[in-house]
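J.:
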Amino acid sequence: MSLVERQDTISQDSAVWNGGMGSVSDYVALLKPRVMSLVIFTAFVGLMLAPGSVHPVLGGVAILCIAIGAGASGALNMWYDADIDEIMSRTQKRPIPAGKITGEEAFAFGMTLAIGSVVTLGLLVNWFAGAFLAFTIFFYVVIYTMWLKRSTPQNIVIGGAAGAFPPMVGWASVTGSVSLESFVLFLIIFMWTPPHFWALALFKSGDYRAAGVPMLPVVAGETSTRHHILAYSLILAPVGMSPYFLGFASPVYGAASAVLGLAFLALAANVWRRREGDEARKACVNLFRFSIFYLFLLFALLLGESLVAGA
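Residue numbers (the UniProt record's numbering): 1 to 311.
1) On a Cα-Cα basis, can you pick out the residue from Phe44, Ala106, Gln92 and Leu58 that is closest to Val28?
2) Along the chain, where does the alpha helix (DSSP H) containing Ser233 start, and where does it finish?
3) Specify, as a first and last residue, the run of the alpha helix (DSSP H) that Trp198 falls within.
4) Which of helix, strand or coil does DSSP assign to Asp278?
5) Would a C-beta distance cut-off of 8 angstroms place Leu49 and Ser257 closer than the cut-off?
6) With DSSP as the reference, label Arg94 as helix, strand or coil.
7) In the structure shown, what three-state DSSP assignment does Ile63 receive?
8) Which residues bound the alpha helix (DSSP H) around Leu116?
9) Whole-angstrom Cβ separation of Phe109 and Leu30, contact assumed at under 8 angstroms?
10) Could you tell me the distance, in whole angstroms, from the CA atom of Thr193 to the CA atom of Arg289?
11) Quick check on Val24: does DSSP put it in helix, strand or coil?
12) If you run the structure through DSSP and keep just helix, strand and coil, what is Glu86?
13) Would you tell me roughly how many angstroms separate the C-alpha atoms of Asp85 and Val61, rounded to the nearest one?
14) Rounded to a whole number of angstroms, what is the C-alpha to C-alpha distance between Leu302 and Ala114?
15) The alpha helix (DSSP H) that contains Met48, what's its start and end?
16) Measure from the alpha carbon of residue 317 to the alpha carbon of each residue in Ser179, Ala249, Gly254 and Tyr232, then state which is nearest.
17) Classify Gln7 as helix, strand or coil using the three-state DSSP reduction.
18) Tell me the rounded alpha-carbon separation between Ser173 and His55.
19) Val54 by DSSP, collapsed to three states: which one?
20) Return yes when the Cβ of Leu123 is within less than 8 angstroms of the Cβ of Ala129, no when it is not.
21) Mark Thr223 as exposed unless 16 or more other C-beta atoms lie within 10 angstroms of its C-beta, in which case mark it buried.
22) Since I believe Phe190 is in contact with Gly159 (beta carbons under 8 angstroms), could you give me their beta-carbon distance rounded to a whole number of angstroms?
Take a look at the structure:
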């Protein structure tokens, strides 16, 4: 059975089950709100750090469009991945496999939000930012979800770029362009994504194996994945400090990012050392959870410094 046929079967089964009558909360779940919150925050930091100024209303419109675009990407991802979401334990309760929303409804919802967010950002803010948002949605849905995710263990490495673009889109909403500083914000998230997701993949490898998704632990093994996590963490630590090295963050940021980078490295080393049993699982969970705090705090520090400088 082809992928399209499997998705049609899931959609039909869902419609029979609940009549395709999803609630507001089901449609909100399609947007992946937890992922969206990080996208909104990093995009806002990019917008605030950009030189020049933007009217507060237009700034709010830009962030709203970026958020809606991220939600559209999540909805289209769930539409396409409905077959594997039905298999994996951590995704079985998503609206489509749970039978609350049909695949056709999720697709229409996602496309409407995607087109609306891009056109609104282009018309009201600037078309460079609108085009950048369109490319970001395309990259996540087509390049990552439809191509890389099911074809290569490097899926999250290359595909992680989609999650790293929002601060650049926020920056472009103010300046109509990108710059070295905005690229550095991109690079921090880009280098953070692999160890963050591989830590999750290590303790959820059975799910990925059952679904046939070639995540690194499934294809290369857990030992190789631990080596990769440690290697990327070694690179991430100085990249996280790069705003200070490049002169657009203060020594306070430099010191804080160094401490956070060392903590990230320590947890990655713990994942590398602990290979079996509950201790290994706990090490992966600890790194995964801290990684979210790490990224949030780096961007919060940059935002705080921007607000103090502008006061």
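Think of the CB as a built atom: it goes at the ideal place given N, C-alpha and C, for glycine as much as any other residue.
T.: Let me spell this out:
1) Taking the first residue of the sequence shown as position 1, residue 28 is located at position 28. Residue Ala106 is the option with its Cα nearest to Val28.
2) If you number the sequence shown from 1, residue 233 lands on position 233. Unbroken alpha helix (DSSP H) run through Ser233: Glu222 to Phe245.
3) Here residue 198 refers to the residue found at position 198 when the sequence shown is read from its first residue. Residues Leu180 to Phe203.
4) If you number the sequence shown from 1, residue 278 lands on position 278. Looking at Asp278 - three-state DSSP - the assignment turns out to be helix.
5) One-based indexing of the sequence shown puts residue 49 at position 49. One-based indexing of the sequence shown puts residue 257 at position 257. No, the Cβ-Cβ distance between Leu49 and Ser257 is not below 8 angstroms.
6) Indexing the sequence shown from 1 puts residue 94 at position 94. Of the three classes helix, strand and coil, the one that applies to Arg94 here is coil, per DSSP.
7) Taking the first residue of the sequence shown as position 1, residue 63 is located at position 63. Ile63 falls in the helix class under three-state DSSP.
8) On the sequence shown, position 116 is the one that residue 116 refers to. One detail in the question is off: residue 116 reads as Gly in this sequence, not Leu. Per DSSP, Gly116 belongs to the alpha helix (DSSP H) from Gly103 to Leu124.
9) If you number the sequence shown from 1, residue 109 lands on position 109. If you number the sequence shown from 1, residue 30 lands on position 30. Going by Cβ atoms, the distance from Phe109 to Leu30 rounds to 6 angstroms, so yes, they are a contact pair.
10) On the sequence shown, position 193 is the one that residue 193 refers to. On the sequence shown, position 289 is the one that residue 289 refers to. The alpha-carbon atoms of Thr193 and Arg289 are separated by roughly 13 angstroms.
11) Locating residue 24 in the sequence shown gives position 24, where the first residue counts as 1. The answer is helix: DSSP assigns Val24 an H, G or I state.
12) Along the sequence shown, read from residue 1 onward, the residue named residue 86 stands at position 86. Correct three-state label for Glu86: coil.
13) By one-based count along the sequence shown, residue 85 stands at place 85. By one-based count along the sequence shown, residue 61 stands at place 61. Spanning the two alpha carbons is a distance of roughly 32 angstroms.
14) For the purposes of this step, residue 302 is taken as residue 302 along the sequence shown, with counting starting at 1. For the purposes of this step, residue 114 is taken as residue 114 along the sequence shown, with counting starting at 1. Distance between the alpha carbons of Leu302 and Ala114: 29 angstroms.
15) Sequence index remark: in the sequence shown, residue 48 carries index 48 (1-based). Taken as a continuous stretch (DSSP letters only), the alpha helix (DSSP H) holding Met48 covers Pro33 to Leu49.
16) Absent from the model: residue 317. The displayed extent of the chain is 1 to 311, so no value can be given.
17) To locate residue 7, count along the sequence shown from 1; it is residue 7. Any reading at Gln7 needs caution, since the residue's pLDDT is 48, under 50, leaving its predicted position unreliable; the model's value is listed next. Helix.
18) The count along the sequence shown starts at 1 and reaches residue 173 at position 173. The count along the sequence shown starts at 1 and reaches residue 55 at position 55. Rounded to the nearest angstrom, the two C-alpha atoms are 11 angstroms apart.
19) Working through the sequence shown from its first residue, we reach residue 54 at position 54. Three-state DSSP puts Val54 in coil, outside helix and strand.
20) Here residue 129 is taken as the residue at index 129 of the sequence shown, counted from 1. Here residue 123 is taken as the residue at index 123 of the sequence shown, counted from 1. Contact flag unset, no.
21) Here residue 223 is taken as the residue at index 223 of the sequence shown, counted from 1. Exposed is the call here.
22) As a working mapping, residue 159 is identified with position 159 in the sequence shown. As a working mapping, residue 190 is identified with position 190 in the sequence shown. Not a contact, Cβ separation roughly 10 angstroms.
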